[in-house]
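A.B. asks: Supplied in structure tokens, the structure appears directly below.
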Amino acid sequence: MYNSRQVVAIILAGGKGQRFSKDIPKQFYDLNGYPIIYYSLNAFNSNHFVDEIVVVSSREYLEATRDICNPFHKVSNVVIGGETRSISSMNGVMSIRNSNSYVLIHDSARPFLTSELIERLLSNVEETGAVIPVIRSVDTLVKVEKNGYVANTLDRNSIFRVQTPQCFKYEVIFEAYRRYLNKFIDFPDDSYLVIKEGISKVKTIEGDTRNIKITTPEDLHTYKAS
Ligand code: CTP
Ligand code: MG
């Protein structure tokens, strides 16, 4: 509970991880003795504000996902995802029964989230109903034209990289997905939909540079125990 609202975490694990490997989805790969998804389950399960965890899985890996969720008593539901991240996320949101909730939506491919980040999100969500963690780019950012030449250099002070978890009041994210229901375009993340549909402003807070998304095998090698 937080501010008298229930806290529900949705962990998205319905993807195929095609940029990572062609055999099994990346969330099931071993990272120092546990599958990658285990770390997000553990982070939410051990945070005392989080009441419930909903896991979104593909149909094919439903049993494997259920097995990994077994030790985590806060997992209330494993729901089936869809072809795109957006549909998986929508299915997770639509499965929530208690409208008096804060909803945290997280990529299972980000195993390094911390309790500090979860709590920083919760303590900032009340103001707009939507808050996302962002980090500055340490590299200079340029816009490149199709021909490979630089069009212009972007202002690094106003461009940020977006992470998950993203945190919403239930009514904000529910309304975003209710309007999305029949559209079925894929979009980059959950906050995008909230902005596009004009539902609320999205507040940013400082993310965590360690909270990377595992996308390719190189991302994982960096973090394996030596
Ligand atoms: N995801 C999901 N359902 C989908 C697609 C993605 O639940 N249909 C989840 C993934 O499991 C992942 C998160 O969304 O934890 C972020 O997506 P991404 O990193 O793109 O993972 P994949 O789509 O699995 O990887 P790829 O794009 O390389 O195939
Ligand atoms: Mg993907």
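In the numbering used here, the protein residues as written are 5 to 230. Beta carbons are placed, not taken as given, at the ideal position from N, Cα and C, and that holds for glycine.
#1: Tell me the DSSP bridge mates of residue 10?
#2: Scan the region 128 to 158 and note each continuous alpha helix (DSSP H) run of 4 residues or more that stays entirely inside, going in chain order.
#3: Can you tell me where the beta strand (DSSP E) holding residue 207 begins and where it ends?
#4: Identify every residue that forms a DSSP beta bridge with residue 56.
#5: May I ask whether a heavy atom of ligand 1 can be found less than 8 Å away from the beta carbon of residue 157?
#6: Have a look at the DSSP bridge pairing and note the partners of residue 75.
#7: With a Cβ-Cβ cutoff of 9 Å, do residue 195 and residue 136 count as a contact?
#8: Counting pairs of beta carbons, one from the region 128 to 145 and one from the region 36 to 46, are three or more of them closer than 8 Å?
#9: Going by other Cβ atoms of all chains shown within 10 Å of its Cβ, with 16 needed for buried, is residue 106 buried or exposed?
C.D. replies: Let me lay it out:
#1: 105
#2: 129 to 132
#3: 207 to 210
#4: 12
#5: no
#6: Paired residue(s): none; residue 75 is not in a bridge.
#7: yes
#8: no
#9: buried
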